[in-house]
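Q: Order-wise, the sequence lines are chains A and D. With the working numbering as the guide, the letters of the first sequence map in order to residues 1 to 336. With the working numbering as the guide, the letters of the second sequence map in order to residues 337 to 776.
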Amino acid sequence: MDFLNALVALTNFVMIPAVAYGSQLALGALGVTLIYSILRFSNFAHGDTMAFGTMMTILVTWLLQSWGVSFGPLPTALLALPFGILATMALVLVTDRTVYRFYRDQKAKPVVFVMVSLGVMFMMNGLVRFIIGPGDQRFADGERFIIKARAFKEMTGLREGLAIKTTQGITVVTAVVVVALLFWFLNRTRTGKSMRAYSDNEDLALLSGINPERVVMYTWLIVATLATIAGVLYGLDKSFKPFTYFQLLLPIFAAAIVGGLGSPQGAIAGGFIIAFSEVTITYAWKKVIRYIMPDNLDPDGLVQLLSTDYKFAVSFAILIIVLLFKPTGLFKGKSV
Amino acid sequence: MTDTMKHSLMFVAVGALILLEGLTDWSFFSGSWNSSLVILNMGLISAIMALGVNLQWGFAGLFNVGIMGFTALGGLAVVLTATPPTPGAWSAGGPGVLMAMVMGALTVVSAVAVIRVMPKGSLRSLVVVSILVVGFFIYRALFDPSIGAIEDISPAISGNLGGLGWPVILSWPVGGLLAAGAAWLIGKTALGLRSDYLAIATLGIAEIIIAILKNEDWLSRGVKNVVGLPRPVPYEVDLQNDPAYVEWFASFGLDPVLGSTLYVKLGYALLFTVVLVVLLWMAQMALKSPWGRMMRAIRDNEVAAEAMGKHVTKRHLQIFVLGSAICGIAGAMMTTLDGQLTPGTYNPLRFTFLIWVMVIVGGSGNNFGSVLGGFLIWFLWIKVEPMSLELITLLTSWMSEDSILRTHLMENAAHMRLFTMGLILLLVLRFSPRGLIPEK
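This is the structure:
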């Protein structure tokens, strides 16, 4: 019986990774949900938008590194992030002008928009692979840990170590700041209010003189920012690979739908729900249980409910359960 | 020019492209009959997949992006029917696995029954959760030792259950059945959701099916792959050792190696063509029948169709199962053609979204359109790579040979194919949204 060690092991292997992953998913899901509430379609190209933003950030990071610029203990990528965001903004605005606007003028059905976003997804995916290649890129530099496992053990005298990676710390701090700014923007500024009005009732918003093209433009700008930040944080924490980013689409959509598509609060809650369930269900609990159970009840196996490769299954199962019992999501989202 | 003329000409044009691949080595064509037949064979399979998707999307407006999963199930069917059974595997773990499956099914069924019977409330939730938890542990307790026993049997060459040892052609309908079964389960839960929810749901299910194939070594050997699957056509080596065939090839002026490979590939092409023609005929008949009209009526206005007494959800389930079964058949054919099941190579861009490009470019709602789209897009998918290489060579010809930019562009030219597919899809959606051969 050793609750303290069990708690530390739990925090180290479950809580911290899940909080970091959840923040990344939440930022991604916020982008999906914003597109859904303003432009009213599920954007399949979101994963690849994230990949594009991350790629541009990586390219600028490399450039800065070659000039010898660094950000002290923090990753250089944070310095490059604004440039990545600007490039992504340019990309999504061009995409909107050349592709989506035509269908908006036609008042096309949502499913047509989804098809179109499939085309955009292909093109962005091809573009990213063409520029940076399909391989794995690690671009985190600077200090690797905030607390190292060994330092923690020496400090506390516990058997279990607690390690917090710099990237995990940055992820959580950035996510909090970005979400706070986003909610301030949506609730307090004139543009944010017009966006919410447009999302609630398009006709009424048009009647009150809101310019729809402006609302759409701001939405894309915000989505580009969110997508790039989410992508860069994920890439710093794990690594960047175009195909992985494409696959992130599934947990991100699950998060947005579980929370309620169209609801920003829901997207954040959904992100953490998905992240925590993925991590807890695929984690081998042996280490934690060993400390709380009496010695003679030591578990034989790894006490892992499902192997890690089934993490998609977890996000998916939650998605299905929520859709069956609460189709609008936990926070009442839109259901068009 | 009548429409029929125009559409026939399109087919002739795509046929000519595939023929040119064999005839000439000008520009991006390779001038090899082998490569031409490879494109033809995969084109036939792609056309069948596109038919299946067209059934769901074109007839009924169901947005299914889980095609990859059904294709992979078809592939699994080949392993489960055509490979010889692994000696001792069934006696070692078969009953345990079956018992585990039964217990798993019982758990789900009893949970559903409790939800139906008991009144809503916290007691019901508690009972359901405890049934599921207890059921899961019983399932794992039965399942884990059995699969361990199966995987321990000569893991280097088998380590899986093996199959029934039936002729491989039979695995095609079995693939269809397997995919249909999965589609029924999925349709029961996910149909009736909004169109983009259905899309996300199917996308997720496809990933789960692939995850199962990759991880359940006792079933499909996972990432260790199943190789050397039986073939419906003779082996090249046997033909080369048979003097009668060698003489026959010589009469066409072919050496035995080339002759035998072409003979085998033509054999596949013939088999696939038969399947395609049968399925196309069936799809055409379905489209013209009252059933097809009803489907399109439901697609165009669900509310009106429901008011006319049509059971929309049931009909959707029906067509979802049928379309997925066709994808399963195509998946089994593809695995037969490859001669191996490699779960690691299934990728949604290639196996789901590319099929969608085929259907949209060809013309959704038109069976011939899907077939045309299948051939055309598959040809481009293969040929965009050499095309973009040519293009980049041309565009960068003014740069020096060892320029970094040039080498980078040359190395990554292969990735232009995704970009091009997206561009084609967007152009078609913009300028000809009904596709090359529109629905009548």
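C-beta: ideal position from N, C-alpha, C; glycine also. This one's a predicted model, so the numbers in the text were calculated from it and none came from an experiment.
#1: Buried or exposed for Arg190 of chain A, please, with buried defined as at least 16 other CB atoms from any protein chain shown within 10 angstroms of its CB.
#2: Can you tell me whether Val223 of chain A is buried or exposed? The criterion is at least 16 other CB atoms within 10 Å of its CB, across all chains shown.
#3: With a cut-off of 7 Å, does the C-beta of Asp532 of chain D fall near any C-beta of chain A?
#4: From Glu737 of chain D to Ile16 of chain A, what does the alpha carbon distance come to, in whole angstroms?
#5: My assumption, with CB atoms under 8 Å, is that Gly698 of chain D sits in contact with Gly680 of chain D. Please give the rounded CB distance.
#6: Using a Cβ cut-off of 7 Å, pull out every chain D residue sitting near Asp309 of chain A, in sequence order please.
#7: Taking Cβ to Cβ, would you say Ala668 of chain D is nearer than 7 Å to Ser446 of chain D?
#8: Return no unless some Cβ of chain D is closer than 7 Å to the Cβ of Met50 of chain A.
#9: Nearest-angstrom Cα distance between Arg629 of chain D and Ala641 of chain D?
#10: Among A:Ala108, A:Ser37, A:Leu74, which one has its Cα closest to the Cα of Gly266 of chain A?
#11: So, does the CB of Gly471 of chain D fall closer than 7 Å to a CB anywhere in chain A?
#12: So Phe243 of chain A and Met121 of chain A are supposed to be a Cβ contact under 8 Å. How far apart are they, rounded?
#13: So is the beta-carbon of Asp48 of chain A under 6 Å away from any non-hydrogen atom of the ligand SAM?
#14: Kindly confirm or deny that the region 251-265 of chain A and the region 309-320 of chain A touch, where touching means at least three C-beta pairs closer than 8 Å.
#15: Please list the partners that Ala90 of chain A has in chain E, where partner means a Cβ-to-Cβ separation under 8 Å.
#16: Where DSSP assigns a beta bridge to Gln304 of chain A, which residues make up the other side?
#17: Within 7 Å of any Cβ in chain D, is that where the Cβ of Phe312 of chain A sits?
#18: Can you tell me the Cα-Cα spacing of Thr166 of chain A and Gly235 of chain A, whole angstroms?
#19: Is any beta-carbon of chain D found at less than 7 Å from that of Asn43 of chain A?
#20: Please classify Val336 of chain A as buried or exposed, where buried requires at least 16 neighbouring CB atoms within 10 angstroms.
#21: With distances taken from CA atoms, which of D:Ala749, D:Ile773, D:Asn703 is nearest Ser382 of chain D?
#22: Is the CB of Val123 of chain A under 7 Å away from at least one CB in chain D?
#23: Is there a C-beta anywhere in chain D that falls below 7 Å from the one on Lys326 of chain A?
#24: Out of D:Pro774, D:Pro579, D:Leu762, which one is the CA nearest neighbour of Val112 of chain A?
#25: Leu387 of chain D and Leu615 of chain D look like a contact to me (Cβ under 8 Å); what is the Cβ gap, rounded to whole Å?
#26: With burial defined as no fewer than 16 other Cβ atoms inside 10 Å of the residue's Cβ, what is the status of Arg138 of chain A: buried or exposed?
#27: Would you mind telling me which residues of chain A sit closer than 8 Å to Thr525 of chain D, beta carbon to beta carbon, in chain order?
#28: Could you tell me which chain A residues have their CB closer than 9 Å to the CB of Trp692 of chain D, listed as they occur along the chain?
#29: Mind checking Ala205 of chain A: buried by the 16 CB within 10 Å criterion, or exposed?
#30: Taking its Cβ as the centre, do 16 or more other Cβ atoms sit within 10 Å of Pro684 of chain D, making it buried, or is it exposed?
#31: Determine the closest residue to Ser556 of chain D out of D:Glu487, D:Ile718, D:Phe767, with distance taken between C-alpha atoms.
#32: Taking 7 Å as the CB-CB limit, is Ile544 of chain D close to chain A?
#33: Please say whether Val562 of chain D and Val433 of chain D have beta carbons closer to each other than 7 Å?
#34: Let me know the alpha helix (DSSP H) ranges lying completely inside the region 614-645 of chain D, each 4 residues or longer, listed in chain order.
#35: For Phe608 of chain D and Ile505 of chain D, what's the separation of their Cα atoms in angstroms?
A: Reading off the structure:
#1: exposed
#2: buried
#3: yes
#4: 50 Å
#5: With 8 Å as the limit, Gly698 of chain D and Gly680 of chain D do not qualify as a contact, their Cβ atoms being about 29 Å apart.
#6: Ala547, Lys550, Asn551
#7: no
#8: no
#9: 11 Å
#10: A:Ser37
#11: no
#12: Contact doesn't hold; Cβ gap of about 12 Å is too wide.
#13: Summarising the ligand content, the structure contains no ligands, and the ligand SAM is consequently not present.
#14: yes
#15: No chain E is present in this structure, whose protein chains are A and D.
#16: A:Ala284
#17: yes
#18: 13 Å
#19: no
#20: The predicted position of Val336 of chain A is uncertain, since its pLDDT is 43 and thus under 50; a value taken from the coordinates is nonetheless stated next. When all chains shown are included, Val336 of chain A counts as exposed.
#21: D:Asn703
#22: Looking at the sequence shown, residue 123 of chain A is not Val but Met. Closer than 7 Å: yes.
#23: no
#24: D:Leu762
#25: 6 Å
#26: exposed
#27: Ile320, Leu324
#28: Met115, Leu118
#29: buried
#30: buried
#31: D:Glu487
#32: yes
#33: no
#34: 626-636, 638-643
#35: 11 Å
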